[in-house]
Structures are given as C-alpha cells and as structure tokens.
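Q: Provided herewith is a single structure, encoded as structure tokens, for subsequent inquiry.
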Amino acid sequence: MTRLRTLVAEILGVDPSIVTAETGPGTIPQWDSMAHMQLVAAIEESYGVQFTIEEIPTIMSIAELAALLEGKGVAIG
51 MTRLRTLVAE ILGVDPSIVT AETGPGTIPQ WDSMAHMQLV AAIEESYGVQ FTIEEIPTIM
111 SIAELAALLE GKGVAIG
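So my numbering is basically just the index in the sequence shown, starting at one, shifted up by 50.
This is the structure in structure tokens:
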C-alpha cells in the first residue's frame, strides 16, 4: 500500500507519513472535491484501471480505495 499512499500524498500535497488506511476527505482538509477528481484520475492512470461513475463518490478512505483497486485485480501490497 506504500505506492498508493505515496501517490495520494503527492496529489494532496501532504507528507506520506500522515496518509493511513483511514485517511479520507474528512481527515485531510486538502482532500476536497477537486482533489478527489485529481486523485481518481492519477490512480486510474498509474494503475491502469477505470472507475465507474458510481464508484467515484464511494471512495471515502484509502482502505476503500485499496479495496476497489483489488476488486479490479490490482495487487496492493
């Protein structure tokens, strides 16, 4: 999950050490609606996946994001 945490930290402009499985829009002020879409786009490009319009608003934590990626066959380690 280190790669995912690093990518999230980079997009949000925060230190990777504060990004945990529980991190989400309610825990980091920088994670607003615009950052959410930037995050989705960066993850889709980085991992070669595409989220459905229904999945995008359900991403409320790094753990949920990791679960979605794993559901798409991406190994999160």
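For each residue, glycine too, the CB sits at the ideal point set by N, CA and C.
1. Between the Cα of T52 and those of I61, L62 and P66, spot the shortest distance and give me the residue it belongs to.
2. Where do the N-terminal and C-terminal ends of the alpha helix (DSSP H) with T121 fall, by residue?
3. Assess, as a yes-or-no matter, whether the region 87–99 is touched by the region 68–79 under the definition of 3 or more beta carbon pairs within less than 8 angstroms.
4. Taking just the CA atoms, how far does E120 sit from R55?
5. I'd like to check one pair, I126 with Q88: are the Cβ atoms closer than 8 angstroms?
A: Straight from the coordinates:
1. Nearest C-alpha to T52: P66.
2. Looking at the sequence shown, residue 121 is not Thr but Gly. Here the alpha helix (DSSP H) through G121 covers I112 to G121.
3. Taking a cut-off of 8 angstroms on C-beta distances, the region 68–79 does not touch the region 87–99, as fewer than three cross pairs fall below it.
4. For R55 and E120, the distance between alpha carbons rounds to 15 angstroms.
5. Contact flag unset, no.
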